[in-house]
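Reading the sequence shown from the start, the letters are residues 10 to 353 in this note's numbering.
These notes concern the structure reproduced below.
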Amino acid sequence: MTNNRKASLLLIYTGGTIGMKVNPEDGTLHPFDFSQILDEVPELGKFAYRLDSFSFDPIIDSSDVEPAIWQDLARIIKDNYDSYDGFVVLHGTDTMAYSASALSFILENLAKPVIFTGSQLPIGEARTDGKENLISAVEIAASLDVQGHPRVPEVCIFFDNKLMRGNRTTKYSSDNFNAFSSPNLAPLAEAGITIRYNDGIIRKPSEWNVPLKINLNLDTRVGILKIHPGITPEVVGDVLCGNSTRAVILETYGSGNAPSKSWFLDVVHRAAQSKILLNVTQCFSGAVDMGIYSNGKALQNAGVVSGQDLTTESALAKLFHLMGNCSDNKEVKRLIQENLRGEI
């Protein structure tokens, strides 16, 4: 902290492994009362922050997270925005990257930290990663710069000593402590003996005192088609031309390539007449550039829009947001290629 004012933070527990303890009688996992967080993580008391908590009731397994949960989270942050300096969201890991991406678009004029974190092991376990993740997330959420402004006024994920922009992350491992990665953007901060901030890439608001707005309009009519060898005309047609979708994310090979067979391009061209088709790469890192190879160029000519280096999670959240606020597909196609929250 750069001044003597006591920082105040709200911990929001949605569910997930981090908030679980083992029942000694039957060995099963049960959520603990987050109002007693200092009993579980007494190290937090050394910061002398004011820490309040809010728990979802019932708590949500992250595999059950839906857009309504994102809207609830946004409302909680909005309702408490003026009372706290920052927010730490405790969330299950399976859909954390989706939730962090979604909140980055829903929260407009954000000027305070919203840090998602969680763990691979329950916080009561001897070898848990939960304590370290939570302690560092809390310290980062309370940190101020030399002007007295929040050091990281973004929606982020903190995991395994790295602070990553939320809409740049993807879950990387199901069983390692380094569960998340930001393949196309360096960490915003890294926690070692000290927390080292990468101030040059942290996004700051153009004005600090603009009221927070939440835009809860989401259109979720989005499908995802992962291109693979042997994909059939029936599968492609069902996904791209189905009546229930307004947009489809195509997960393509390499820099944005897909089969060049005439039947495939015919279906793509037909779907592109009425739908938003967004091209993202299957590769863990890198970006779509449909101008490099003829197969990618054919997709571009058929009406597919480049997702550049969007993750699938961020592409989905961004489409939900843009489509929920714009009925014109051409305008959505234009905006999807603009960098709105540091996602590109």
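Backbone N, C-alpha and C define an ideal beta-carbon position, used for all residues, glycine too.
1) For the beta strand (DSSP E) holding Leu19, just list the boundary residues, first then last.
2) Chain C beta carbons: is any one of them nearer than 8 Å to that of Ala256?
3) Among the candidates Ala311, Phe329, Ala198, Lys180, whose CA atom is the shortest distance from the CA of Ile233?
4) Taking C-alpha atoms, which residue in Lys222, Leu197, Val219 lies nearest to Ile211?
5) Alpha carbon to alpha carbon, how far is Val31 from Pro40?
6) What number of angstroms, rounded off, separates the C-alpha of Val123 from the C-alpha of Lys15?
7) Once DSSP output is grouped into helix, strand and coil, what is the label at Tyr93?
8) Roughly how many angstroms lie between the CA atoms of Ala307 and Arg136, to the nearest whole one?
9) Distance, Cα to Cα, Ile345 vs Asp35?
10) If you run the structure through DSSP and keep just helix, strand and coil, what is Leu221?
11) Under the rule that 16 or more other beta-carbon atoms within 10 Å means buried, what is Pro220, buried or exposed?
12) For Ala256, report the span of its beta strand (DSSP E) as first-last.
13) Could you spell out where the beta strand (DSSP E) holding Cys165 opens and where it closes?
14) By alpha-carbon positions, which one of Asn193, Asn142, Ser215, Lys222 ends up nearest to Ile204?
15) Suppose the cutoff is 6 Å on Cβ atoms and the five residues either side in sequence are ignored; what does the same chain contact list for Ser269 look like?
So, from the data block:
1) In the DSSP assignment, Leu19 falls within the beta strand (DSSP E) that extends over 17-22.
2) Any reference to chain C falls outside this structure, which holds one protein chain only.
3) Taking only the C-alpha atoms, the option nearest Ile233 is Phe329.
4) The residue with the shortest Cα to Cα distance from Ile211 is Leu197.
5) When the Cα atoms are used, Val31 and Pro40 turn out to be separated by approximately 9 Å.
6) If I take the Cα positions, the gap works out to 18 Å.
7) Annotated three-state conformation of Tyr93 is coil, per DSSP.
8) Looking at the two C-alpha atoms, the distance is approximately 51 Å.
9) Separation of Ile345 and Asp35 (C-alpha to C-alpha, rounded to the nearest whole angstrom) is 50 Å.
10) Leu221: coil per DSSP, three-state reduction.
11) Its Cβ having fewer than 16 others within 10 Å, Pro220 is exposed.
12) Run containing Ala256: 256-261, per the beta strand (DSSP E) assignment.
13) That run of the beta strand (DSSP E) goes 164-168.
14) Of the listed residues, the one whose Cα sits closest to Ile204 is Asn142.
15) The answer, listed in chain order, is Asn304, Ala307.
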